Amino acid sequence: MRGVAHDLITGGRVAAQLSELGVERGGVLLVHASMRAVGMAAGAMAGALREVLGADGTLVVPAFTMENSDTSRHYLDRVRGLDEQARAAVRAAIPPFDRATSSAAAVGRFAEAVRLTPGAVRSGHPQTSFAALGPAAGSLLAGHRPDCHLGEDSPLARLYEADALILLLGTGYNTCTAFHLAEYRLPSPPRRRYRCVVAASGRRRWWEYEDVALDDGDFAALGHDFERLDTAGAVRRGQVASAPSRLVRLRSAVDFATVWLRDHRPARN
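At position 252 of the sequence shown the residue is numbered 252 (UniProt numbering), and the sequence of numbers has no breaks.
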């Protein structure tokens, strides 16, 4: 009986829940998902979403590769407590970013499932790429400048222009990548140096660049206030499979975040 129930929740019922939540046929949808919370296979969820979006809809996921950098939290956590020789060995083993083969598994099973789906498109940023399926995938992901993680020359700005929706499947606002676009829209946002491994002319090399200092440390509080003060219906809540979920208007979230961050990060601006 348990298997039968699981089959029911992973089939038409999930598609119905997504439609009831407000996922729009023919729309553009950015998804952040915890498959552990959802309780179903990543491929099955991707299939349900594509069914609801239809042939004219476009599904987008973050396909980040923070493991190819020595300035990321991922790297710093990995080498914490190691001596200099051991750190050097870790750095020497870091593979360069490859748009076709670099895994997005660090972002989650759902993002990796979308990336691996035949026909998926991926943007070219070596650390914060996005992957997408659907007719708008190419235009949404084109022009992702390698020195712009999540700003005006990234897919987030194109998603803003497309009036995309965000689906938080079993995740909180701390995972809401779109809030980072608001950081770029602050007056004189703080900047920092980043470094990662890329391939140039078939050779592995380190590349260093400057960009906005990304900080998601207050995104949970930001999202709480965004939802608490929402009077325009920008947030819808519901159950999808086993996961409490939210459907959020990306443009509304970014506009609110731009004002909220300006008011709550005065010392950083």
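Where is the CB? At the ideal position from N, CA and C, for every residue including glycine.
Remember, predicted model here, so these are calculated numbers, not experimental data.
Touching or not, the region 137 to 150 and the region 221 to 239, by the rule of three or more beta carbon pairs under 8 Å? no
Alpha carbon to alpha carbon, how far is W207 from E24? Give it in angstroms, no decimals. The sequence position of residue 24 within the sequence shown is 24, counting from 1. The sequence position of residue 207 within the sequence shown is 207, counting from 1. If you take the alpha carbons of E24 and W207, they lie about 40 Å apart.
Name the DSSP bridge partner or partners of A199? Here residue 199 corresponds to residue number 199 of the sequence shown, with the count starting at 1. Note: A199 sits in a beta bridge opposite R204.
Please confirm if D147 has its CB atom under 8 Å from at least one CB of chain D. Note that chain D does not occur in the displayed structure, where there is just one protein chain.
Helix, strand or coil: which one does DSSP assign to L30? As a first step, residue 30 must be located in the sequence shown, where it is residue number 30. Looking at L30 - three-state DSSP - the assignment turns out to be strand.
L49 and V61: beta carbons closer than 8 Å? Within the sequence shown, the letter at position 49 stands for residue 49. Within the sequence shown, the letter at position 61 stands for residue 61. For L49 and V61, no; Cβs fall outside 8 Å.
Leaving out five residues before and five after A63 in sequence, what residues of the same chain have Cβ atoms less than 7 Å from its Cβ? Here residue 63 corresponds to residue number 63 of the sequence shown, with the count starting at 1. The residues are A104, V107, A111, R115, R122, S129, F130 and A131.
Spatial distance of G3 from R192 (CA atoms): Reading the sequence shown from its first residue, position 3 is the one you call residue 3. Reading the sequence shown from its first residue, position 192 is the one you call residue 192. Here the model assigns G3 a pLDDT of 43, short of 50, so the residue's position is not dependable, and the following value carries that caveat. Between G3 and R192, the C-alpha separation is close to 50 Å.
Start and end residues, beta strand (DSSP E) containing F256: As a first step, residue 256 must be located in the sequence shown, where it is residue number 256. Where F256 is concerned, there is no enclosing beta strand (DSSP E), although the alpha helix (DSSP H) it sits in stretches over L250 to H264.
With H, G and I counted as helix, E and B as strand and the rest as coil, what does DSSP make of T231? For the purposes of this step, residue 231 is identified with residue 231 of the sequence shown, where counting begins at 1. Coil.
Can you tell me whether V248 is buried or exposed, with buried defined as 16 or more other CB within 10 angstroms of its CB? Within the sequence shown, numbered from 1, the residue matching residue 248 stands at position 248. V248 is buried by the Cβ-count criterion.
Could you say which of A178, R205, D255 and F256 lies nearest to S69 if we only look at CA atoms? In the sequence shown, the residue the question calls residue 69 occupies position 69. Answer by Cα proximity: R205.
Pick out whichever of A33, V14, S19 and R13 has its Cα sitting closest to the Cα of T175. The residue labelled residue 175 in the question sits at position 175 within the sequence shown. Closest by alpha carbon: A33.
What residue from Y160, D56, A182 and D77 has the CA that sits closest to A136's CA? Here residue 136 refers to the residue found at position 136 when the sequence shown is read from its first residue. For A136, the nearest C-alpha among the options comes from D56.
Leaving aside the five residues before and after E20 along the sequence, list all residues of the same chain whose C-beta is less than 7 Å from its C-beta, in chain order. Numbered from its first residue, the sequence shown carries residue 20 at position 20. Answer for E20: G238, listed in chain order.
Would you kindly work out how many angstroms separate the C-alpha atoms of Q179 and T258, rounded to a whole number? Along the sequence shown, one-based indexing puts residue 179 at 179. Along the sequence shown, one-based indexing puts residue 258 at 258. Rather than Gln, the amino acid found at residue 179 in this sequence is Phe. Cα-Cα distance, rounded: 8 Å.
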